[in-house]
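J.:
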Amino acid sequence: MSKQKIKVVISDLDGTLLNSDHTISAYTKSVFQELHEQDYLIIVATGRHHMDAMAIISCLELPVYLVTSNGARIHSPKKELLYSFNLEGDAVKSILSLDIDPEITTVLFKEKVWQTSKTNKKLNAFQKDLAYPPEVVDFAALDDYSAIKIFFTHDDHEKLVNLRDKILEHHSDVFSHAFSLPICLEFMDKSVDKSVAIAKILEKEGYSFDQAISFGDGFNDERMLDAAGIGLIMGNAPENLKSKLPHLEVISTNNEDGVAKYLTAILEGFSVSS
């Protein structure tokens, strides 16, 4: 794949564009502003909710297409909602009725709030200003179970693997899943994936995946990374993701501004649209 053909830059947020403080560095911001000046299409694709992600990327101060909740929402650079897909309430209720280890934090992503089984300080730390507020609820007593996605987190990865297997035993035809981090398990509708949402944006803008470079660090980035003309895996990504995509290059970590430094290194090789 020739770097001269690249017209689109796609990046995940957590573990990729964001450092471990969940912020975008000044250096990364400057590189992305230069990309915008040189007419690259920029897409941020994240598992985060759109309200949360919008608050984060606003610091870039440039127009960005935003794919959120792993592809369940697409917003234009003008923050217009272009696409949305929700899980059916009955399907969500059937998962929440399972015997879930109470040590696992369970979260429903709703349109304007995230409902959680308990307060989780580690999870709250992902948001600097709580643009997307949490609400502790009793999931057995909800009136409305419809949601954008279901999210589980626990420091013990094996507990989440066991929960995944329990859910898929009876729901594999309805849900897709991904470990965005080893401690984060997410369930979406089977039709939802970052790569599917990105393809909609590329078609709208007259580009193809062959003209894109993408960066990611989680299993929810797998298809996005594999589809792009150039797919780059962050150095901080899990080793089993690197092993699963051995044909893709591994770059520096998120705490080393890996995305921005890679783009800076090859910027002179890019062919800029006139």
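Be aware that the sequence shown starts at 355, since it is given in the working numbering, and climbs by one per residue. All residues carry an ideal CB built from backbone N, CA and C; glycine is no exception.
1) What span of residues does the beta strand (DSSP E) with Gln469 cover, start to end?
2) If we count the other Cβ atoms within 10 Å of its Cβ and call it buried at 16 or more, is Asn560 buried or exposed?
3) If you measure from the beta carbon of Tyr381 to each beta carbon in chain D, is any gap under 8 Å?
4) Report yes if the CB atom of Val446 is closer than 8 Å to the CB atom of Tyr394, and no otherwise.
5) Quick check on Ser549: does DSSP put it in helix, strand or coil?
6) Rounded to whole angstroms, what's the CA-CA distance from Ile449 to Ala532? Just pull it up for me.
7) By a C-beta neighbour count over all protein chains shown, 10 Å radius and 16 as the cutoff for buried, is Asp492 buried or exposed?
8) Going by DSSP, name the residue or residues bridged to Thr460.
9) Let me know the secondary structure DSSP gives Val385 once reduced to three states.
10) Taking Gly369 as the reference, give the member of Phe541, Pro536 and Ala582 with the closest Cα.
11) What does the Cβ neighbour count give for Glu489, buried or exposed, with the cut at 16 atoms within 10 Å?
12) What's the call for Ala494, buried or exposed, on a 16-neighbour Cβ count within 10 Å?
13) Sorted by chain position, which residues of the same chain lie with C-beta nearer than 7 Å to Ser562's C-beta, five sequence neighbours on each side aside?
14) Let me check understanding here. Comparing Cα to Cα, which of Gly612, Phe541 and Asn608 lies closest to Ser374?
15) Mind checking Thr473: buried by the 16 CB within 10 Å criterion, or exposed?
16) What residue does the alpha helix (DSSP H) around Tyr437 start on, and which one ends it?
17) Mark Asn516 as exposed unless 16 or more other C-beta atoms lie within 10 angstroms of its C-beta, in which case mark it buried.
18) In the structure shown, what three-state DSSP assignment does Ser423 receive?
19) Could you tell me whether the Cβ atoms of Glu540 and Asn440 are closer together than 8 Å?
T.: In short:
1) Numbered from 1 along the sequence shown, position 115 holds the residue referred to as residue 469. For Gln469, the enclosing beta strand (DSSP E) begins and ends at Trp468 to Thr470.
2) Walking along the sequence shown from the start, residue 560 turns up at place 206. Going by the sequence as given, residue 560 is Gly instead of Asn. Around the Cβ of Gly560, a 10 Å sphere holds fewer than 16 other Cβ atoms; the residue is exposed.
3) The structure shown contains no chain D; it is built from a single protein chain.
4) Reading the sequence shown from its first residue, position 92 is the one you call residue 446. Reading the sequence shown from its first residue, position 40 is the one you call residue 394. In this structure, the beta-carbon distance from Val446 to Tyr394 does not fall below 8 Å.
5) Taking the sequence shown and counting its residues from 1, one reaches residue 549 at position 195. Ser549 falls in the helix class under three-state DSSP.
6) One-based indexing of the sequence shown puts residue 449 at position 95. One-based indexing of the sequence shown puts residue 532 at position 178. Rounded to whole angstroms, Ile449 to Ala532 spans 16 Å at the Cα level.
7) Counted from its first residue, the sequence shown places residue 492 at position 138. By the neighbour-count criterion, in which a residue is buried when 16 or more other Cβ atoms sit within 10 angstroms of its Cβ, Asp492 is exposed.
8) On the sequence shown, position 106 is the one that residue 460 refers to. In the DSSP output, where bridge partners are listed per residue, Thr460 has Phe506.
9) Translated into positions along the sequence shown, residue 385 becomes position 31. Helix, per DSSP.
10) Sequence index remark: in the sequence shown, residue 369 carries index 15 (1-based). Nearest in C-alpha terms to Gly369, of all of Phe541, Pro536 and Ala582, is Pro536.
11) For the purposes of this step, residue 489 is taken as residue 135 along the sequence shown, with counting starting at 1. Label assigned to Glu489: exposed.
12) Walking along the sequence shown from the start, residue 494 turns up at place 140. The residue is exposed, with fewer than 16 neighbouring Cβ atoms inside 10 Å.
13) Numbered from 1 along the sequence shown, position 208 holds the residue referred to as residue 562. Cβ neighbours of Ser562 within its own chain (closer than 7 Å, five residues either side excluded): Leu556.
14) Position 20 of the sequence shown, counted from the first residue, corresponds to residue 374. When each option's Cα is compared against that of Ser374, the closest is Asn608.
15) Position 119 of the sequence shown, counted from the start, is the residue given in the question as residue 473. Around the beta carbon of Thr473, fewer than 16 other beta carbons lie within 10 angstroms, which makes this residue exposed.
16) The residue you call residue 437 lines up with position 83 of the sequence shown. Here Tyr437 belongs to no alpha helix (DSSP H); instead the beta strand (DSSP E) covers Leu435 to Ser438.
17) Locating residue 516 in the sequence shown gives position 162, counting from the first residue. Around the Cβ of Asn516, a 10 Å sphere holds fewer than 16 other Cβ atoms; the residue is exposed.
18) Translated into the one-based positions of the sequence shown, residue 423 becomes position 69. In the structure shown, Ser423 sits in a helix (DSSP, three-state: H, G or I).
19) Translated into the one-based positions of the sequence shown, residue 540 becomes position 186. Translated into the one-based positions of the sequence shown, residue 440 becomes position 86. Contact: no.
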